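Report on the structure given below.
Number of protein chains: 4
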Amino acid sequence: MEKDPRITIAEMCQNFYQLGWVSGTGGGISIRRGEKIYMAPSGVEKEKILPEDCFVVDMKGEVLESPRNASLKLTECAPLFLSAFELRNAGAVLHSHSSNVVLMTMLARRIDEDLSVLEFTQLEMLKGIQGHGYYDVFELPVVDNTARECDLTDSLRKAIDRFPNSPAVAVRNHGIYVWGPDEVKAKTQAECIDFVCEVYWKMRSAGIDSHIATAAQPAMR
Amino acid sequence: MEKDPRITIAEMCQNFYQLGWVSGTGGGISIRRGEKIYMAPSGVEKEKILPEDCFVVDMKGEVLESPRNASLKLTECAPLFLSAFELRNAGAVLHSHSSNVVLMTMLARRIDEDLSVLEFTQLEMLKGIQGHGYYDVFELPVVDNTARECDLTDSLRKAIDRFPNSPAVAVRNHGIYVWGPDEVKAKTQAECIDFVCEVYWKMRSAGIDSHIATAAQPAMR
Amino acid sequence: MEKDPRITIAEMCQNFYQLGWVSGTGGGISIRRGEKIYMAPSGVEKEKILPEDCFVVDMKGEVLESPRNASLKLTECAPLFLSAFELRNAGAVLHSHSSNVVLMTMLARRIDEDLSVLEFTQLEMLKGIQGHGYYDVFELPVVDNTARECDLTDSLRKAIDRFPNSPAVAVRNHGIYVWGPDEVKAKTQAECIDFVCEVYWKMRSAGIDSHIATAAQPAMR
Amino acid sequence: MEKDPRITIAEMCQNFYQLGWVSGTGGGISIRRGEKIYMAPSGVEKEKILPEDCFVVDMKGEVLESPRNASLKLTECAPLFLSAFELRNAGAVLHSHSSNVVLMTMLARRIDEDLSVLEFTQLEMLKGIQGHGYYDVFELPVVDNTARECDLTDSLRKAIDRFPNSPAVAVRNHGIYVWGPDEVKAKTQAECIDFVCEVYWKMRSAGIDSHIATAAQPAMR
């Protein structure tokens, strides 16, 4: 028998807390099974949510099942999660407030009014991001943050459209949405993105501009 | 039946140890239930305190119940904790020695004889601090440290008065006091403050002066 | 009775996940018992593999036993692992994607078309690397990364040949292979290498060129 | 009934492993009960030692009890541990390879042929080091490392003599020995020293020369 996705959500949130992705009630994950989407509640300590705290909504965000604990609220990010389910046929979408990602969004190159981009290449961990090889450039779109989380929906949808090869959209000074065909792939892709953000940030902190050294180039020191 | 706050204190101190907030016997938490305040003992390994090690005091700091283990002492911070309970009607107050906060206090701008201030803005995690939105400036007061912890009381009370929008007062080269209507909110606010301190410190270490980029501004590189 | 190496692999992968060596499905470990080599499967969350998920291959890489779960695949790194088993008579080989190592590979000095080298000396932790004392120079070969992991085999074998005193070969922008007479020694040597990479990287980030100070030299500041 | 110090050693080594103090078989702890000294074995994974793996020696280092597992060896650090037991009447001595301490030893100021010193002041965590207040200067002696660990004995004993106010001696590019009247105080003092090393190193990495700001001084920025 398949594991209840509510249990998976509770377990994954504990893992994310250890990784520093969901401190201060931030972040979360939602998982789709058929036409049902399971979502962690909003504004609570994510590392302590119980399976029975989760909401179930349909693909339009209509609540199908509410937790018995009436003080729990559906996340404001619901429309953002739903965008990835709808536009990319995702099986799971996670939202992280990782400091590695937040710091890197500050370095994103602006390409449009409310859209920027980060480019990563030649790191083995990029292979863990669907459709990317070692020599490819992974373009991660970064949308500007807004006062209210739900106001991100338009720019997030546009970024999803414009960057069809990215399984993620970052939000400047905020965090990142990462999805995949299932919750395992969403999580492992998020780990790969986190890793490349950490490495690029540390390179910059050490004053290293580029790590790209082909055999034909002279040695870096 | 409600959980004994002494158990909550023991569990939270283990969590804080994992976060690096209470190493070397530093830091702690106290929780109010009605007119009773439950406090972790002083000068012991916080990650190992047992529920029965806690003191119970009244709002004036008079000891109502002492732990059976007579070697345990009430914390010197008691008057500091009590200030937040009294002046802000807090339900819980925590004290952390987080290195992220300690480092940031070194960068605080002096505004008075024994008072400085740190300003944070445009980070999503600021929304987790009561009364603050993404575009607001969170002003965190920083009082000078003193040779004895109890001598902080006056400056802490003045800072609480002067910065009514802050649920926290930091202490230069020392740590931070954070409170909330209950222990969950005290802890999640402390996590948000810790996060913004970490991010600002890392920006500075990487030589980045500002992360504020509106759509109208040119791209940062 | 000896512990099943499949159990050891599952436990070690959880340890490596805590250390940040195998995030995003990267990395792994294989253990030899006589002519049988036990290998973690590829492309799965390493912190969650079960003993029964492991493959058993012979010294030429022929599969002797497959896991019942037919969706599991043998790792593409198999030929790399086998090289160390064959050329160095290793008892265990681990592969880590540690960010400390990945960052340091960027600083390796090129000595040949697809080969570079890192040099470490005068750190106590170097004593944990077989055949090395405190005053020795530990030369860690770094081969260039390739689009496909199996294409690393030739350069890895050449590096193993050319650096007979190193129990490890790093891969630029990718990670490291570390081996030893058994799985304990492979892991502890990997920890020592990770430590010296972390220390050298942090020295560089702080602008410190050298930590070598003999009694005869003037003080560093 | 008092807890067997062998159990305490095993538990503390797991804690130290989490803190990054004993990776790669480095570091350890020994505890005195009367004239008996309990010591962790050498060259093994410290996070996995069992109570029955410990040695018992007398104050001169003569082995009173050996572990049944004959492959286990007494640590080469034994004479170092014994020096602190003898010269300072310590109840417990721990040895850590913390990277925070190792990095800071590189910045120590040389004051004699094989002796250097680090000075820390105005950090609250210094209060956790016996005999030190917030405004005191904690002088941590740093002896030069040697090819063999036992050759450190002379310089360590001299440093203990010369710095009677320090409950610790660091070893350049190697680690630190920290002691106390009991194992709890040894560990909490080690945590405080680790914290101040981390903070001073991060200040330096961020280009901050001093964090000392009295009320009379102008603001730091």
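Protein chains in written order, with our numbering: chain A, 1 to 221; chain B, 1 to 221; chain C, 1 to 221; chain D, 1 to 221. For every residue, glycine included, the Cβ atom is placed at its ideal position computed from N, Cα and C. From a predicted model like this one, the values you see are computed outputs, not experimental measurements.
Query raised in the report: Taking 6 Å as the line, does the beta carbon of C:P141 fall inside it for any heavy atom of the ligand SAH?
Result: With respect to small molecules bound, the structure shown includes none, and the ligand SAH cannot be examined in it.
Query raised in the report: In its own chain, which residues sit with a C-beta less than 6 Å from the C-beta of D:L87, not counting the 5 before and 5 after it?
Result: Working through the fourth sequence from its first residue, we reach residue 87 of chain D at position 87. Once the five neighbours on either side are set aside, the close Cβ partners of D:L87 are I160.
Requested in this report: Would you grab the beta carbon distance between B:V199 and A:V44 for me? Rounded to a whole angstrom, and I think it's under 8 Å.
Outcome: As a first step, residue 199 of chain B must be located in the second sequence, where it is residue number 199. As a first step, residue 44 of chain A must be located in the first sequence, where it is residue number 44. Contact between B:V199 and A:V44 is ruled out by a C-beta separation of about 23 Å, above the 8 Å threshold.
Requested in this report: Spell out the partners DSSP gives A:I29 in its beta bridges.
Outcome: Counting from one through the first sequence, the residue named residue 29 of chain A turns up at place 29. Looking at the DSSP output, A:I29 bridges to A:L94.
**Report entry** Where A:L118 meets chain B, residues with beta-carbon distance less than 7 Å
**Finding:** Looking up residue 118 of chain A in the first sequence gives position 118. Close partners of A:L118 in chain B (Cβ separation under 7 Å) are lacking, with about 11 Å as the shortest Cβ gap.
Query - Range of the contiguous alpha helix (DSSP H) that encloses D:T153 - result: For the purposes of this step, residue 153 of chain D is taken as residue 153 along the fourth sequence, with counting starting at 1. Its alpha helix (DSSP H) spans residues 153 to 162.
**Report entry** Selection of the region 125 to 153 of chain C by Cβ proximity to chain E, strictly under 7 Å
**Finding:** Of the protein chains in the structure, A, B, C and D, none is chain E.
Query - Same chain only: Cβ atoms within 7 Å of A:K127, ignoring 5 sequence neighbours per side - result: Translated into the one-based positions of the first sequence, residue 127 of chain A becomes position 127. Residues of the same chain with a CB within less than 7 Å of the CB of A:K127, apart from the 5 flanking positions on each side, are G133, Y134 in chain order.
Report task. Within 10 angstroms of the Cβ of D:A219, are there 16 or more other Cβ atoms? Answer buried if so, exposed if not. Result -> Taking the first residue of the fourth sequence as 1, we reach residue 219 of chain D at position 219. For D:A219, the predicted model reports a pLDDT of 40, less than 50, meaning its position is unreliable; a value from the coordinates is still stated below. When all chains shown are included, D:A219 counts as exposed.
Query raised in the report: Among the residues of its own chain, which have a CB less than 7 Å from the CB of D:M104, if the five just before and after it don't count?
Result: Here residue 104 of chain D refers to the residue found at position 104 of the fourth sequence. Contacts found: L118, C197, Y200, W201.
Query - Listed by chain order, chain C residues near D:T25 by CB distance under 7 Å - result: As a working mapping, residue 25 of chain D is identified with position 25 in the fourth sequence. Proximity of chain C to D:T25 at the Cβ level (cut-off 7 Å) is accounted for by G128, T188, in chain order.
Query raised in the report: Name the DSSP beta bridge partners of B:E65, please?
Result: By 1-based counting over the second sequence, the position of residue 65 of chain B is 65. Answer by DSSP bridge pairing, in chain order: B:V56.
Query raised in the report: So what's A:M106 in DSSP terms, helix, strand or just coil?
Result: As a working mapping, residue 106 of chain A is identified with position 106 in the first sequence. DSSP places A:M106 in coil when its eight states are reduced to three.
Query raised in the report: Is DSSP giving B:S42 helix, strand or coil here?
Result: Reading the second sequence from its first residue, position 42 is the one you call residue 42 of chain B. Of the three classes helix, strand and coil, the one that applies to B:S42 here is strand, per DSSP.
Query raised in the report: Quick one: what does DSSP say A:A216 is sitting in, helix, strand or coil?
Result: Mapped onto the first sequence, residue 216 of chain A falls at position 216. Low confidence applies here, because A:A216 scores a pLDDT of 39, under 50, leaving its location unreliable and the question unanswered by this model.
Query raised in the report: Does the region 202 to 211 of chain C touch the region 8 to 21 of chain D, meaning 3 or more C-beta pairs lie closer than 8 Å?
Result: These segments do not touch.
Query raised in the report: Any C-beta of chain B sitting closer than 7 Å to the C-beta of A:N173?
Result: Here the question's residue 173 of chain A lines up with position 173 in the first sequence. Cβ-Cβ to chain B under 7 Å: yes for A:N173.
Query - B:A78 (DSSP reduced to helix, strand or coil) - result: Your numbering for residue 78 of chain B matches position 78 in the second sequence. Looking at B:A78 - three-state DSSP - the assignment turns out to be helix.
Query - Contacts around A:S98, its chain only, beta-carbon distance under 6 Å, and the 5 residues preceding and following it disregarded - result: One-based indexing of the first sequence puts residue 98 of chain A at position 98. When the five nearest sequence neighbours on each side are left out, the beta carbons in the same chain lying within less than 6 Å of the beta carbon of A:S98 are those of W21, D194, in order along the chain.
Query raised in the report: Going along chain C in order, which residues have a C-beta closer than 8 Å to the C-beta of D:V57?
Result: To locate residue 57 of chain D, count along the fourth sequence from 1; it is residue 57. In chain order: nothing, as chain C lies at least about 23 Å away.
**Report entry** Within chain B, the residues that D:K3 reaches when beta carbons sit closer than 9 Å
**Finding:** For this step, residue 3 of chain D is matched to residue 3 along the fourth sequence. For D:K3, there are no C-beta contacts with chain B under 9 Å, since the nearest C-beta of that chain is about 12 Å from it.
Requested in this report: For the beta strand (DSSP E) holding D:E119, just list the boundary residues, first then last.
Outcome: Translated into positions along the fourth sequence, residue 119 of chain D becomes position 119. Counting along the chain, the beta strand (DSSP E) containing D:E119 begins and ends at 115 to 121.
**Report entry** C:N173 beta carbon less than 7 Å from that of A:L82
**Finding:** Within the first sequence, numbered from 1, the residue matching residue 82 of chain A stands at position 82. Within the third sequence, numbered from 1, the residue matching residue 173 of chain C stands at position 173. Contact: no.
**Report entry** Contact set for A:L74: own chain, Cβ-Cβ below 6 Å, skip 5 residues either direction
**Finding:** Sequence index remark: in the first sequence, residue 74 of chain A carries index 74 (1-based). Here the set comprises F55.
Query - Minimum C-alpha distance to C:R148 - residue among C:K158, C:L80, C:Q189 - result: Your numbering for residue 148 of chain C matches position 148 in the third sequence. C:R148 has its Cα closest to that of C:L80, out of C:K158, C:L80, C:Q189.
Query raised in the report: Using a C-beta to C-beta distance shorter than 8 Å, which residues of chain A count as neighbours of B:Q122?
Result: Start at 1 with the first residue of the second sequence, and residue 122 of chain B comes out as number 122. In chain order: N145, N173.
Query raised in the report: Under a Cβ-count criterion, where at least 16 other Cβ atoms within 10 Å of its own Cβ denotes burial, should C:C222 be classed as buried or exposed?
Result: Beyond the ends of chain C as shown, which are 1 and 221, falls residue 222 of chain C; an answer cannot be given.
Query raised in the report: Is A:A10 helix, strand or coil when you go by DSSP?
Result: For the purposes of this step, residue 10 of chain A is taken as residue 10 along the first sequence, with counting starting at 1. When DSSP states are grouped into helix, strand and coil, A:A10 belongs to the helix group.
Query raised in the report: From the DSSP output, which residues share a beta bridge with A:L140?
Result: Start at 1 with the first residue of the first sequence, and residue 140 of chain A comes out as number 140. Beta-bridge pairing links A:L140 to A:L118.
Report task. Under the assumption that B:S166 contacts B:E139 (Cβ atoms under 8 Å), give the Cβ distance between them as a whole number of angstroms. Result -> Numbered from its first residue, the second sequence carries residue 166 of chain B at position 166. Numbered from its first residue, the second sequence carries residue 139 of chain B at position 139. Indeed, because the Cβ distance is near 6 Å, the residues count as touching under 8 Å.
Requested in this report: Give a yes or no on whether the minimum CB-CB distance between D:R204 and chain C is below 7 Å.
Outcome: As a first step, residue 204 of chain D must be located in the fourth sequence, where it is residue number 204. Yes - at least one Cβ of chain C is within 7 Å of the one on D:R204.
**Report entry** B:L19 classed as buried or exposed, judged by whether at least 16 other C-beta atoms fall within 10 angstroms
**Finding:** Taking the first residue of the second sequence as 1, we reach residue 19 of chain B at position 19. Its Cβ being crowded by 16 or more others within 10 Å, B:L19 is buried.
Query raised in the report: Under a CB-based cut-off of 7 Å, is D:H95 close to chain B?
Result: Reading the fourth sequence from its first residue, position 95 is the one you call residue 95 of chain D. Not one chain B Cβ lies under 7 Å of D:H95.
**Report entry** Continuous alpha helix (DSSP H) stretch holding D:V196: start and end
**Finding:** On the fourth sequence, position 196 is the one that residue 196 of chain D refers to. Per DSSP, D:V196 belongs to the alpha helix (DSSP H) from 183 to 205.
Query raised in the report: Considering A:V171, what are the terminal residues of the beta strand (DSSP E) in which it resides?
Result: Counting from 1 along the first sequence, the entry for residue 171 of chain A is found at position 171. Boundaries of the beta strand (DSSP E) harbouring A:V171: 168 to 171, taken from the DSSP string.
Query raised in the report: Which value, in whole angstroms, describes the spacing of the CA atoms of A:N15 and C:N100?
Result: Residue mapping note: residue 15 of chain A aligns to position 15 of the first sequence, counting from 1. Residue mapping note: residue 100 of chain C aligns to position 100 of the third sequence, counting from 1. Taken atom to atom, the span from the alpha-carbon of A:N15 to that of C:N100 is near 22 Å.
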